[in-house]
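If you read the sequence shown in UniProt numbering, its first letter stands for residue 1, the second for the next number, and so on. By construction, the Cβ of each residue, glycine as well, lies at the ideal position given by its N, Cα and C atoms. These numbers were taken from a predicted model, which means no experiment stands behind them.
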Amino acid sequence: MIYGIGVDISDIKRVVELANQHEQFITKILTTNEINQFNKLKGKHKDEFIAGRFSAKESYSKAFGTGIGNKVGFLDVEILNNEMGKPVIMKQPFDGNGFISISHTDSLVITEVILENKE
1 MIYGIGVDIS
11 DIKRVVELAN
21 QHEQFITKIL
31 TTNEINQFNK
41 LKGKHKDEFI
51 AGRFSAKESY
61 SKAFGTGIGN
71 KVGFLDVEIL
81 NNEMGKPVIM
91 KQPFDGNGFI
101 SISHTDSLVI
111 TEVILENKE
């Protein structure tokens, strides 16, 4: 049974500007494992990655029903690409299944998270 659905759209340029303006932005948004994946990327793929993870964690918090804050922080959720490149929720505060989709254009990223109760 579905517990929650969250959707977010973010402007890639805006997220990248925040990352460039605030030194700690990346370490506040990405877990150590996510930073390792991020550091292997080049050019626009880095921009898409940081904006995608920011948006994905916003979507996750909406699906969880709390938004980013006391119950769910950016580092409470870890999203890594599997061997095929598919993003997978590896760490989360929800005790159930989490599913994620990330898509982008040149300027925008849209993410959707579905949280499903264990049966």
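Would you mind stating whether Glu78 and Thr31 have Cβ atoms separated by less than 8 Å?
Here residue 78 corresponds to residue number 78 of the sequence shown, with the count starting at 1. Here residue 31 corresponds to residue number 31 of the sequence shown, with the count starting at 1. Cβ distance < 8 Å, so Glu78 and Thr31 count as in contact.
With contact counted as at least three CB pairs below 8 Å, one residue from each stretch, are the stretch 43-50 and the stretch 64-76 in contact?
no
So, with DSSP's three-state summary, where would you put Val88?
By 1-based counting over the sequence shown, the position of residue 88 is 88. Three-state result, Val88: strand.
Should Lys57 be labelled buried (16 or more other beta-carbon atoms within 10 Å of its own) or exposed?
Stepping through the sequence shown from its first residue, residue 57 is reached at position 57. With 16 or more Cβ atoms within 10 Å of its Cβ, Lys57 is classed as buried.
Is the Cβ of Lys57 closer than 8 Å to any Cβ of chain C?
The chain labelled as chain C is not found in the depicted structure, where only one protein chain is given.
Which whole runs of the alpha helix (DSSP H) in the stretch 29-117 are 4 residues long or more, in chain order?
32-39 and 44-64
Can the beta-carbon of Met1 be found closer than 8 Å to that of Glu83?
Position 1 of the sequence shown holds residue 1. Position 83 of the sequence shown holds residue 83. It is not a contact, given that the beta carbons lie outside the stated cut-off.
Using the Cβ count rule (16 or more neighbours within 10 Å means buried), how would you classify Val88?
Mapped onto the sequence shown, residue 88 falls at position 88. Result: exposed.
Have a look at Glu34 and Ala51 and give me their C-alpha separation to the nearest angstrom.
For the purposes of this step, residue 34 is identified with residue 34 of the sequence shown, where counting begins at 1. For the purposes of this step, residue 51 is identified with residue 51 of the sequence shown, where counting begins at 1. Distance between the alpha carbons of Glu34 and Ala51: 12 Å.
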